[in-house]
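Participant:
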Amino acid sequence: MASTDATLRAFFQSARYAVVGASTNTEKYGYKVFKWYVTHDLPVIPINPGAQAVEVDGREYPTVSSLSDLQEPADTSVSIITPPHVTKKALEEAKGLGIQAVFLQPGTFNDDVLAFARENFKTVVAGEGGAGSEGWCVLVDGERGLQSAGKL
């Protein structure tokens, strides 16, 4: 099933968020997506097993190593910015934790990963669509999603 504006709205109706692949490197999309959540004052946790914190505008946000370390995973919408083989492992973990909503950024999935996501999650934002040329992207479509969810 293709992602739609209704899917986007459902993703942003969550109480909290996590970014798998949050990066300390300001040039990487893992940093840019995490910063987007911070800039929009959303409760977000960076997930990066190789860093203790991600700094945004002089403030450090402590990381957790995996989705299993989240306080309330079932109430968390998860953005993923990792290569497809890592994305698949994150999705398998997310499924086991009862996570319902995932947003797969462009380049994070292949056909198998996308099929797995669509088979196992209530809300999947990924693939063709959105306002950008590469498909659904938090950086391009996120504000519209927040607005439709009544958070902007």
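Under my numbering, the first residue of the sequence shown is numbered 206, with each subsequent residue one higher.
All C-beta atoms, glycine included, are put in the ideal place defined by N, C-alpha and C.
1. Any idea what DSSP makes of L275, helix, strand or coil?
2. At the level of alpha carbons, what is the spacing between V374 and Y234?
3. For H245 and A354, I'd like the C-alpha separation in whole angstroms.
4. Between the alpha carbons of V225 and V283, how many angstroms are there, rounded?
5. Which of the three DSSP states, helix, strand or coil, is assigned to E298?
6. Between the Cα of M206 and those of V329, E260, D346, E348, spot the shortest distance and give me the residue it belongs to.
7. Would N253 pass as a contact of A227 if the rule is Cβ separation under 7 Å?
8. Measuring CA to CA, which of N230, G263, Q276 is closest to A256?
9. For D280 and I304, what's the separation of their Cα atoms in angstroms?
10. Have a look at D317, F321, Q310 and flag the residue whose alpha-carbon is nearest the alpha-carbon of S338.
11. Taking the alpha-carbon of A178 as reference, which of A336, G301, G335 has the nearest alpha-carbon?
12. Skipping 5 residues on each side, what residues in its chain have a beta carbon closer than 7 Å to that of K293?
Facilitator: On the basis of the data shown:
1. The residue given as residue 275 occupies position 70 in the sequence shown. L275 falls in the coil class under three-state DSSP.
2. The displayed coordinates of the chain run from 206 to 357. Any statement about residue 374 would go beyond what the structure contains.
3. Within the sequence shown, numbered from 1, the residue matching residue 245 stands at position 40. Within the sequence shown, numbered from 1, the residue matching residue 354 stands at position 149. Spanning the two alpha carbons is a distance of roughly 13 Å.
4. If you number the sequence shown from 1, residue 225 lands on position 20. If you number the sequence shown from 1, residue 283 lands on position 78. Their backbone Cα atoms lie some 7 Å apart in a straight line.
5. As a first step, residue 298 must be located in the sequence shown, where it is residue number 93. E298: helix per DSSP, three-state reduction.
6. As a working note, residue 206 is residue 1 in the sequence shown. Considering only alpha carbons, the answer is V329.
7. Indexing the sequence shown from 1 puts residue 253 at position 48. Indexing the sequence shown from 1 puts residue 227 at position 22. Result yes, Cβ atoms of N253 and A227 sit closer than 7 Å.
8. In the sequence shown, counting from the first residue as 1, residue 256 sits at position 51. Of the listed residues, the one whose Cα sits closest to A256 is N230.
9. Numbered from its first residue, the sequence shown carries residue 280 at position 75. Numbered from its first residue, the sequence shown carries residue 304 at position 99. Cα-Cα distance, rounded: 7 Å.
10. Locating residue 338 in the sequence shown gives position 133, where the first residue counts as 1. Checking every option, the nearest Cα to that of S338 belongs to Q310.
11. Coverage of the chain is limited to positions 206 through 357, which leaves residue 178 absent and any answer about it impossible.
12. Against the sequence shown, residue 293 aligns to sequence position 88. Only V318, F321 meet the Cβ criterion.
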